[in-house]
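Beneath this line is the structure, given in structure tokens, with notes to follow.
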Amino acid sequence: MTPKKKVLLVEDHAVTRVGVKHVVNASNDFEVVGEAEHSSQIANLLQETRPDFVLLDLRIPGENVLNMVKDWKKDLPQLKVVTLTMLDEQPIVHSAIEAGVDGYLLKSDDLSSLTRNLNEIASGKTVYSKNLKLSFNRKPQDGKVANKKEKQILTLLGQGKTYQEIGTDIGLSKRTVEYHVGRLKDRFNAKTVAELIGRAKEQMLI
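Take any residue in the sequence shown, count from 1 to its spot, add 193: that is its number in our numbering.
In structure tokens, the structure reads:
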């Protein structure tokens with residue numbers, strides 16, 4: 194018999210976790226080998242369980258998990274990271290794709306399709322919830338998707354760094370950083386840096 198593929202379940206709601214675990218463990222192909230309720234638990238569980246999949250809720254307490262995906266895949270090159278989330282906003286989906294997820298599934302999907310989707314992802318496909326297909330045909334909203342440089346600036350702003358410190362960190366002048374922040378404020382309709390950071394966090398950009 195082929196060994197079951199190992200799944201690390203990252204979900205902070207106990208009821209959801211129990212339901213997803215039941216579906217996964219009832220299949221012939223997958224089993225949950227670890228559970229995380231906070232982002233700080235994930236790294237140790239990855240090393241302990243060496244899973245084939247991370248099934249990921251994006252709004253888990255702690256740090257933005259999308260910022261961790263590339264590091265996980267660096268340590269475990271065969272790892273598949275699949276979101277299982279309520280968040281279907283286009284900017285968040287794009288942030289997840291840029292982070293390198295292998296599938297974007299929604300909690301509103303029929304849970305019975307979960308293991309079928311995981312099998313497709315295991316075969317090398319990238320799978321998105323059917324409820325997201327229409328959104329991919331629409332142009333992303335202006336002002337809601339940041340490029341790589343803007344994400345760096347937003348992240349450093351969120352860490353409380355000054356414009357001068359940000360410029361030093363990423364090789365820009367203070368004036369250039371001010372220019373980028375001004376553009377970001379306009380695009381996100383934010384009057385202050387604090388408001389800008391808040392909206393960027395809502396969009397899972399930082």
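Glycine is no exception: its CB is placed at the ideal position from the N, C-alpha and C atoms.
Rounded to whole angstroms, what is the Cα-Cα separation between residue i and residue j?
{"i": "Glu228", "j": "Lys367", "result": "43 Å"}
{"i": "Ser233", "j": "Gly364", "result": "30 Å"}
{"i": "Val208", "j": "Glu224", "result": "18 Å"}
{"i": "His373", "j": "Gln283", "result": "22 Å"}
{"i": "Lys300", "j": "Gln357", "result": "42 Å"}
{"i": "Asn165", "j": "Thr355", "result": "Residue 165 is absent from the structure shown; the chain starts at 194 and stops at 399."}
{"i": "Lys134", "j": "Lys266", "result": "Past the edges of the chain, shown from 194 to 399, lies residue 134, and the structure says nothing about it."}
{"i": "Leu349", "j": "Lys342", "result": "11 Å"}
{"i": "Val213", "j": "Glu256", "result": "23 Å"}
Please say whether residue j and residue i have beta carbons closer to each other than 8 Å?
{"i": "Ala236", "j": "Leu259", "result": "no"}
{"i": "Asp281", "j": "Leu311", "result": "no"}
{"i": "Gly353", "j": "Val320", "result": "no"}
{"i": "Thr361", "j": "Asp222", "result": "no"}
{"i": "Val275", "j": "Leu248", "result": "yes"}
{"i": "Leu239", "j": "Thr278", "result": "no"}
Output the boundary residues of the alpha helix (DSSP H) element that contains residue i.
{"i": "Glu343", "result": "Lys341 to Gly351"}
{"i": "Lys354", "result": "That residue, Lys354, is in no alpha helix (DSSP H); it is neither H nor E in DSSP."}
{"i": "Gly375", "result": "Lys367 to Arg380"}
{"i": "Lys198", "result": "Looking at the DSSP string, Lys198 is not in any alpha helix (DSSP H); the run it does join, the beta strand (DSSP E), is Lys198 to Val203."}
Could you spell out where the beta strand (DSSP E) holding residue i opens and where it closes?
{"i": "Glu241", "result": "Note, Glu241: premise wrong, no beta strand (DSSP E); alpha helix (DSSP H) at Ile235 to Thr242."}
{"i": "Glu228", "result": "Phe223 to Ala229"}
Using a Cβ-Cβ cut-off of 8 Å, state whether residue i counts as contacting chain B.
{"i": "Asn221", "result": "In the structure shown, chain B does not exist; there is a single protein chain."}
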